[in-house]
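Protein chains in written order, with our numbering: chain A, 15 to 307; chain B, 302 to 522.
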């Protein structure tokens, strides 16, 4: 029998899988999930440092497959750092260091011999500011990641570009301008282009770090709508400063807070409707109602 | 950054709801006193002034909706605003029951004194005590007191049963007092409904404080 939490035990949620930790009550431990859901990603006792400075401490949480999970909390609580630990982006930060496991479909992405590039293909990321490659056309931007997958067939590339742009709800707006530069698009379109680029390599998980913070309200609503659509096929984790956005788009919400030690901890992780109507921790309540932060 | 202006708005709305409750309480208290005193002018004033309570209820509702739209409240603030929307409706309906009693006094005006009221004054005392406790629980976020309000409604129901028994006995004894005693049943019914509405307020206070949405007194029929 596998040890609870060991890579081989991941995949189906069972009582054995769920270990309460100091900073998290797991979904079933709360009794708030009626049907067991498949876990796409398990963050398992993750701590992260910038040099000697501890940024996030001992965080454990399960991300349900085909759902949107939101990370919220005040600036400096470590939510973006945690997100970047989920696809080994933190380690490319100068003096960035990670301890713990992140288990994707049974495999620890920090395991020995794991290829970080392959990890980032399976767990894609969309950043705060739209960042299309400035010298590339719309089409080339979407296809940029495919070359790392050794996809060279022109027809397959064209199919993937079209399907990704359709999935990112951008196809109808750009289908006649595929050769135009990606940076010629509006901010909202550029962000959807980046989402198309992220999903062109068919990841299992898409991480989004404040993907709407540079967008106007209409573009924001389009991207939010897109997140819900994408969650049918992908698992999405989003960091957002906009609590209403977390309330609108996510299924589960994790609230993080930096304590006296200055490092981020997970305070509460529950279904989003419960977090925003009846949070169980007073610190969550005080933050989301604007009584501090 | 703390949202001080928003929280001041929430406090102002809370105070306004308390003021509405005080007006409704006074209307109930005075309606029963007018009934006892056979003072039809007093009852007419209660009936006339009810429009102000109705308007204030609508104004509070509008303010709640504006705050929800503009501030997008969550957690306890959302529960409080949702409850305030409901509670102001219940307070306004309690004032309507005062009007109901005032109109009974107007209808009974042709009846010569003395006017035996059975347990109506006791019911009024009990209903007002429940209302006081319900509003105190609302003001102080006291879910224990709110649950007590819900439980104490049974006392009011028992008093109504005694009024009913008295009235039936009086009707059997003297056919000439059937109309008057039918009015008394209506007055008792209005007071009993005040108890029900206080129970509803108590349930919403429990929800505000705990997030628990319950029917503390489900129908036994």
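Positions of the beta carbon are idealized from the N, C-alpha and C atoms, including for glycine. As the structure is a prediction and not an experimental result, all values here were calculated from the model.
*Give the DSSP-derived three-state secondary structure of residue 217 of chain A in the structure shown.*
coil
_Length at least 3, wholly inside the stretch 153–233 of chain A: the beta strand (DSSP E) runs in chain order_ = For the stretch 153–233 of chain A, the continuous beta strand (DSSP E) assignments of 3+ residues that do not extend past its boundaries occur at 219–223, in sequence order.
*Positions along the stretch 239–260 of chain A whose CB lies within less than 8 Å of some CB in chain B*: So the close ones are 257 and 258.
*Check each residue of the stretch 282–305 of chain A: if its Cβ is closer than 7 Å to any Cβ of chain B, include it; give the result in chain order.*
290, 291, 292, 293, 299, 302, 303, 304 and 305
*asked:* Once the 5 residues before and after residue 79 of chain A are set aside, which same chain residues still bring their CB inside 6 Å of it?
replied: 52, 54 and 249
*How would you list, in chain order, the residues of chain A whose beta-carbon sits under 7 Å from the beta-carbon of residue 304 of chain B?*
Chain A residues near residue 304 of chain B: 304.
_Contact criterion: CB-CB distance below 8 Å. Does residue 507 of chain B meet it with respect to chain A?_
no
*8 Å Cβ cut-off: residues of chain A touching residue 380 of chain B*: 291 and 292
*Look at the alpha carbon of residue 349 of chain B and the alpha carbon of residue 93 of chain A, and state the distance between them as a whole number of angstroms.*
59 Å
*Three-state secondary structure (DSSP) at residue 496 of chain B?*
helix
*Could you name the residues of the same chain whose beta carbon sits closer than 7 Å to that of residue 422 of chain B, not counting the 5 residues immediately before and after it, in chain order?*
333 and 337
*Could you have a look at residue 59 of chain A and say whether DSSP puts it in helix, strand or coil?*
strand
*How would you label residue 269 of chain A, buried or exposed, when you count the other beta carbons within 10 angstroms and need 16 or more for buried?*
Residue 269 of chain A is buried by the Cβ-count criterion.
*Residue from A:195, A:168, A:200 and A:206 whose Cα sits closest to the Cα of residue 185 of chain A*: A:206
*Report buried or exposed for residue 89 of chain A, applying the criterion of at least 16 other Cβ atoms within 10 angstroms of its Cβ.*
It is exposed - the Cβ of residue 89 of chain A has fewer than 16 other Cβ atoms within 10 Å.
*Any Cβ of chain A within less than 8 Å of the Cβ of residue 376 of chain B?*
yes
*Is the number of C-beta pairs between the stretch 263–282 of chain A and the stretch 70–79 of chain A that are closer than 8 Å three or more?*
yes
_residue 54 of chain A in three-state terms, based on DSSP_ = strand
*When the Cα atoms are used, what is the spatial distance from residue 148 of chain A to residue 309 of chain B?*
48 Å
*Can you list the residues of chain A that residue 512 of chain B reaches, using a CB-CB cut of under 7 Å?*
291 and 292
*May I ask you to list the residues that DSSP assigns as paired with residue 269 of chain A?*
Partner residues in the beta bridge of residue 269 of chain A, as assigned by DSSP, are A:86 and A:282.
*Please say whether residue 377 of chain B and residue 444 of chain B have beta carbons closer to each other than 8 Å?*
no
*Would you mind sorting residue 431 of chain B into buried or exposed? The rule is 16 or more other CB atoms within 10 Å of its CB.*
By the Cβ-count criterion, residue 431 of chain B is buried, with 16 or more other Cβ atoms from all chains shown falling within 10 Å of its own Cβ.
*In the structure shown, what three-state DSSP assignment does residue 140 of chain A receive?*
strand
*Could you tell me if residue 493 of chain B is buried or exposed, where buried requires 16 or more neighbouring beta carbons within 10 angstroms of its beta carbon?*
buried
*Would you please state the rounded distance, in angstroms, between the beta carbons of residue 487 of chain B and residue 405 of chain B? I believe it to be under 8 Å.*
For a cut-off of 8 Å, the C-beta gap from residue 487 of chain B to residue 405 of chain B is around 5 Å, short enough to register as a contact.
*Using alpha carbons as the reference points, say which of A:259, A:160 and A:208 lies closest to residue 235 of chain A.*
A:259
_Taking the alpha-carbon of residue 495 of chain B as reference, which of B:343, B:328, B:398 and B:358 has the nearest alpha-carbon?_
If we check each option's Cα against that of residue 495 of chain B, B:398 comes out closest.
*Neighbourhood of residue 385 of chain B by C-beta, 6 Å cutoff - its chain only, sequence neighbours within 5 removed*: 318 and 365
*Would a C-beta distance cut-off of 8 Å place residue 159 of chain A and residue 214 of chain A closer than the cut-off?*
yes
*Just mark residue 237 of chain A as buried or exposed, buried being the case when its beta carbon has 16 or more other beta carbons within 10 Å.*
buried
*Could you tell me whether the Cβ atoms of residue 146 of chain A and residue 209 of chain A are closer together than 8 Å?*
no
*Give me the Cα-Cα distance between residue 360 of chain B and residue 326 of chain B, rounded to the nearest whole angstrom.*
19 Å
*So with Cβ pairs under 8 Å, would you call residue 373 of chain B a contact of chain A?*
yes
_Taking a contact to mean a Cβ-Cβ separation below 8 Å, would you say residue 459 of chain B touches residue 387 of chain B in this structure?_
no
*Could one say the Cβ of residue 484 of chain B lies closer than 8 Å to chain A's Cβ atoms, at least one of them?*
Residue contact check for residue 484 of chain B against chain A: no CB pair falls below 8 Å.
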